[in-house]
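> Numbering (my numbering), first residue to last: 5 to 358. No residue lacks a Cβ here, since even glycine has one placed at the ideal position from N, Cα and C. Bear in mind that the values here come from a model prediction, so they are computed numbers and not experimental data.
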Ligand SMILES: *Cc1c(COP(=O)(O)O)cnc(C)c1O
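#1: Starting from residue 205, trace the beta strand (DSSP E) in both directions and tell me its first and last residue.
#2: Does at least one heavy atom of ligand 1 sit under 6 Å from the Cβ of residue 180?
#3: Residue 176: beta carbon under 6 Å from a heavy atom of ligand 1?
#4: Tell me where the beta strand (DSSP E) around residue 271 begins and ends.
#5: I'd like to know if the region 179–187 and the region 251–266 are in contact, where contact means that at least 3 CB-CB pairs between them fall below 8 Å.
#6: Pull the bridge partners of residue 84 from the DSSP assignment, please.
#7: Run the CB neighbour count on residue 96, radius 10 Å, all protein chains shown included, and call it buried at 16 or more, exposed below.
#8: Can you check whether the CB of residue 232 is closer than 7 Å to the CB of residue 37?
#9: Would DSSP call residue 118 helix, strand or coil?
#10: Give me the residue from 247, 58 and 330 with the minimum Cα distance to residue 45.
#11: Have a look at the DSSP bridge pairing and note the partners of residue 296.
#12: Could you check whether the Cβ of residue 68 sits closer than 6 Å to any heavy atom belonging to ligand 1?
#13: Under three-state DSSP, which class holds residue 281?
#14: How would you write the range of the alpha helix (DSSP H) that residue 44 sits in, first residue to last?
#15: Can you look up residue 6 in the DSSP assignment and give me helix, strand or coil?
#16: I need the straight-line Cα distance from residue 373 to residue 20, nearest angstrom please.
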């Protein structure tokens, strides 16, 4: 292990609150939020609803819970949600939509991870009658985590909105990293938000809060989601301490996401220069870089070995498959550290390409 503290690119969830955020948390007025009496949580919920162009918001302990509640307000038990095959809602939420919500799913495959409205639109069965499962909602993810932080094109999202509305099908937007999309494109959060019936956004990813997400929708749906949150065990008491971190993050950590995007581009560029084909820098849209590193060939080199070698040199990452690793830049990685990481990864990639 390198002696200095490692450059942790496993995820943008690893950020720690700094002094100013902790001060905001310590000062927050609080009350019992299950009684609806926590002013700071109320302020955060109203603020995020406003930002995303919806009537109401609900603070949750995780993005997974925010997605489960958003989806469940759109899909009744026994109906279906359709989603991209790499979507967080189907791959990384431990089956919660099915186990707790009774929601069934089908998936489409997006070539290269690029969202096309035609894929879900062609699959929908809005009225399955007494034979097929009826499609109640389509889930989209923006940015798309396991597709490498790709941004869904706004015109495709508009086409999805029109096509689903015509069929009476709802849209849930998993916007865990929607702020990254908005900063990268300059399209306001509200523009994205209004193209969906429910939207979740994470405060604990690139925005740097220690805990929390918000799900937004109509006042009626959010009232329903509030009841379900309590049912799932997610009612929180003096959570204004946590909501204050979210408010601080919205005030201070949105515009700076551009630095994370620049750092991701820098890393991708250096590795692509060293070993073309490892990553297409043009495909790095936000703060996530996917590297193809395991040859899978006779030497048996794998992405896990690449990650282990990088860890020995002080750079941490996630292993997504035998040939793919994921690097995520964030608030706690400086441009200087991104340059160091880029140099180390470029050298290792060259070693691995043999
Ligand atoms: C991180 C993430 C979530 C929520 O994750 P939690 O760990 O439950 O907060 C949801 N969707 C996407 C795309 C994510 O990356």
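Taking the coordinates as given:
#1: 202–206
#2: yes
#3: no
#4: It is not in any beta strand (DSSP E) - residue 271 instead sits in the alpha helix (DSSP H) that spans 261–278.
#5: yes
#6: 108 and 139
#7: exposed
#8: no
#9: coil
#10: 247
#11: 328
#12: yes
#13: coil
#14: 43–56
#15: Note that residue 6 has pLDDT 48, beneath the 50 cutoff, so the model's placement of it is unreliable and the number below is only indicative. Looking at residue 6 - three-state DSSP - the assignment turns out to be coil, as it is neither helix nor strand.
#16: Past the boundaries of the shown model lies residue 373; the chain is included only from 5 to 358, so the question cannot be answered.
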